[in-house]
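So for the sequence shown, UniProt numbering puts the first residue at 1; every next one is plus one.
Even glycine gets a Cβ: it sits at the ideal position worked out from N, Cα and C.
These notes concern the structure reproduced below.
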Amino acid sequence: MATGTKEDLIVRVPSDLTKEWLSSKFNAAVSSFKTEKIGTGQVSHCHRVSLDYVDPKSAGPSSVILKVASDDSSSKESAQLLNLYQQEVKFYTEIFPHLHPGSLSPVYHAAYYEDDNTFCLLLGDATPAVVGNEIEGTTIEKARLAMRELGKLQASTINSTKMQELEWLNRPSPLDQQMFQAMFKEWVERYEKRVKPAHMVVCSSLVSTFDQFEAERKEKETVWGLVHGDYRLDNLLFGESGSDRELTIVDWQTLFWGPLMSDAAYFLGCALDPALRREHTDELLKIYHEALGSEIVTLETCRESLRRQAFFGVVMAIVSPIFVERTERGDDLFMTLIARHCQQVLDLDSLDMLPRPAALVPLSPALKDEGRHPPGKEHFWQESYYMDFADLSQGIGGYVRLGVDPARNRTWYTAVLAGPGRPSVAIVDFHAPLPDADMNIKASDFESKQKVNDPLKSYTVTVKGTARSYADPSMLLQKDWDTLGKPVPVTLDLTWVSDGTPYKYRITTRYEIPCLITGSISIGSETIKLDAVPGQRDHSWGARDWWSADWVWSALHLDEKTHIHGLDLRVPSGPRLSLGYVQNAPKEQKITELSSNLCEEAFHDNGLTSTATWTIKSEGMEDIVANMEILGHGPLRLEADDGRVALFPRAWGKIKTEDGREGVAWAEWNKN
């Protein structure tokens, strides 16, 4: 099996195929071939490649399946966000050789191309075979086969030390209670009228205690293994007369290391009519248990884990429809799945296993998180330090961002000053040198220093260099932005002192702190002193693909010391997700997580933000509606190595809420 070396032909679409390349994969000379698209996959496309050979006596397979990335940009972005392509290739290159091969197609080629997030799999053809039908359900005979083959497949993975050590297989799930609640809200708006009241109770009970349930589930499960993640009829090909296999399991893009019974519970919940499932659950569990052939796993362990893992199907039936294009058949499918999975939960009395709901407690970063972090292996790994301020009385706002990009031996450095009646002044260098151990940078046009004075409490930034002055800030969004503007000397010497409780994100490695900023700024011959003006700083580290999703980041600071931070995340083909906080400082020190933070905005023809309104919600709090009057622009244009462009029309301005409060804010729109 080839794994896609630099010397190998790169195949991204069927038209890239050649007779020579195919011949090398089968060690047989291919004389001709033809391709035919099969299936209706949205994230990936499959093509049957029919083959003829020069010498029929030494022929390879008569047909194979070519699987490649979707040509739809939204689907590709979703796949990249979830590492779907990379994971499936890694399954075939790193795990496949160690599994029982009985229900898997042979693999002739597997390659992932990180530069443009595409992939290529060349797999054995399961034809003649019939794909399962999720809505109709399956027969007890096919269910027996599916459970037996699943057990055989997972047997060698039970509590495998090697698989536990595979970082890509053990990535933490991005789904937490906050995100799940946002998805569930959209799901209810779509489907509430089609869901039985008893089943809605199952869903809402799980959502309300999801974080606690996940923690307990991981603690109580003693048997772990390889999990397909979507083991249902649509991903099972049942062989007919003449097929190489009785069953072929396909679509390994969602696999993970987890509780062994996850797939079995998922299959039992969705593949069978509830009456048929109730009649045969014990029989099917025994078939699965015998196929595992492990003394570690008892039949009673399987029964107990089945009750707990029954919720896995409920989660999938809520989350999955949010991320795919909505169709009539899709709605029918997901309503069938939610009904069957919820009924399985009720039949197994699994609701008794849910912990009592508890209020979400906002997380806080550790003191050590103020320092640098070891670089990850992800393609887009960065470590980012961001600081901003807004002085309404003097009409000046600004921000500094230092983004360490160790994989490319560079730093993204930005320092911007802007305000009404003045040009936007910017130092922008996407190829600055990496900072030294003391966070100092010396570039051709600027020098900068950053220092933690007191972890999570005080942070100082100094910058001195030559910026460019843009009378029209939209120039910074143009392709040739770095040739525009006039040179002007700039210095900053500012200290951010925390004015509230540091807030740690749940879904990624990042924290935010509301601050008061003091120090001085010089632009040419002008010097401006800042005295405890409001602002924000944050620190993040991890994979940051700026071109995979749109968002609105905001930090609002009201005059009566209310600080509001929010993220309005707009996932491709998915829901709008909200997170953030509202807190009062410094006396109350009370911080509450947001349940919704949605921004409605408009843009000028030149790409700059013209208006913005936030609707902010949190449990036990009256809704806040905040309007922003734009006073200054600090936009950026980000270009990926593969040519993708993200526009960041960043802006600061005056905030006025509908209940009469006023303040200032910085906001950032990421537009792909």
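Ends of the beta strand (DSSP E) at residue i?
i: Met621; result: Met621 to His633
i: Arg468; result: Ser458 to Tyr470
i: Gln583; result: Arg576 to Asn584
i: Gly398; result: Ile396 to Asp405
i: Trp21; result: Counting along the chain, Trp21 falls outside any beta strand (DSSP E), though it belongs to the alpha helix (DSSP H) covering Lys19 to Phe26.
i: Gly239; result: Leu236 to Gly239
i: Val64; result: Ser63 to Ala69
At what residues does the alpha helix (DSSP H) containing residue i begin and finish?
i: residue 682; result: Any answer about residue 682 is impossible in this case: the structure gives the chain only from 1 up to 672.
i: Ile427; result: That residue, Ile427, is in no alpha helix (DSSP H); its beta strand (DSSP E) goes Arg422 to Ala432.
i: Asp331; result: Glu328 to Asp347
i: Lys377; result: Premise fails: Lys377 is in no alpha helix (DSSP H) and is neither H nor E.
i: Ser262; result: Ser262 to Ala271
i: Tyr288; result: Pro274 to Leu292
i: Arg410; result: Note, Arg410: premise wrong, no alpha helix (DSSP H); beta strand (DSSP E) at Arg410 to Gly419.
i: Ser320; result: Note, Ser320: premise wrong, no alpha helix (DSSP H); not H, not E.
i: Thr93; result: Taken as a continuous stretch (DSSP letters only), Thr93 belongs to no alpha helix (DSSP H), as it is neither H nor E.
i: Thr161; result: Thr161 to Gln164
i: Arg148; result: Ile140 to Ala155
With C-beta atoms as the reference, is residue i less than 8 Å away from residue j?
i: Leu530; j: Ser520; result: yes
i: Ile287; j: Val223; result: no
i: Val68; j: Leu51; result: no
i: Asp176; j: Asp125; result: no
i: Asn584; j: Lys590; result: yes
i: Asp538; j: Tyr386; result: yes
i: Met147; j: Leu284; result: yes
i: Leu237; j: Thr254; result: no
i: Pro357; j: Gly242; result: no
i: Leu233; j: Asn133; result: yes
i: Ser384; j: Ser548; result: no
i: Asp545; j: Asn672; result: no
i: His109; j: Lys25; result: yes
i: Ser554; j: Ala665; result: yes
i: Ala426; j: Tyr470; result: yes
i: Pro406; j: Lys504; result: no
i: Pro259; j: Leu477; result: no
i: Thr509; j: Thr460; result: no
i: Met439; j: Lys457; result: no
i: Gly395; j: Pro423; result: no
Below 7 Å, is the gap between the Cβ of residue i and the nearest heavy atom of the ligand ATP?
i: Lys590; result: Because no ligand of any kind appears in the structure shown, any question about the ligand ATP cannot be addressed here.
List the residues that DSSP assigns as beta-bridge partners of residue i.
i: Phe33; result: Leu51
i: Asn440; result: Lys449
i: Ser364; result: None, per the DSSP bridge assignment.
i: Arg537; result: Met387 and Ile513
i: Glu114; result: Answer is none; Glu114 lacks a bridge partner.
i: Pro259; result: Trp224
i: Ser498; result: Cys515
i: His565; result: Ala555 and Tyr581
i: Arg650; result: Answer is none; Arg650 lacks a bridge partner.
i: Thr248; result: Leu237
To the nearest angstrom, how far is the alpha carbon of residue i from that of residue j?
i: Gly41; j: Leu556; result: 42 Å
i: Pro101; j: Cys46; result: 21 Å
i: Phe389; j: Gly376; result: 30 Å
i: Met475; j: Thr414; result: 15 Å
i: Val201; j: Asn409; result: 52 Å
i: Arg506; j: Leu363; result: 7 Å
i: Leu169; j: Leu569; result: 25 Å
i: Phe312; j: Ala265; result: 8 Å
i: Val361; j: Gln178; result: 11 Å
i: Arg661; j: Glu593; result: 20 Å
i: Ala543; j: Arg650; result: 22 Å
i: Gln536; j: Tyr231; result: 45 Å
i: Glu167; j: Glu378; result: 11 Å
i: Ala182; j: Leu66; result: 37 Å
i: Pro56; j: Ser23; result: 13 Å
i: Phe603; j: Pro473; result: 13 Å
i: Arg401; j: Thr462; result: 12 Å
Assuming residue i contacts residue j under a Cβ cut-off of 8 Å, what Cβ separation, rounded to an integer in Å, is found between them?
i: Glu187; j: Ile10; result: According to the sequence as given, residue 187 is Trp; it is not Glu. Going by Cβ atoms, the distance from Trp187 to Ile10 rounds to 39 Å, so no, they are not a contact pair.
i: Ala198; j: Leu346; result: 7 Å
i: Gln154; j: Gly225; result: 5 Å
i: Val49; j: Ser63; result: 6 Å
i: Arg340; j: Cys270; result: 5 Å
i: Trp652; j: Leu638; result: Actually they do not touch by this definition, with Cβ atoms about 19 Å apart.
i: Ala291; j: Lys142; result: Rounded, the Cβ-Cβ distance is 15 Å, inconsistent with contact.
i: Ala612; j: Thr657; result: With 8 Å as the limit, Ala612 and Thr657 do not qualify as a contact, their Cβ atoms being about 13 Å apart.
i: Pro14; j: Thr35; result: 4 Å
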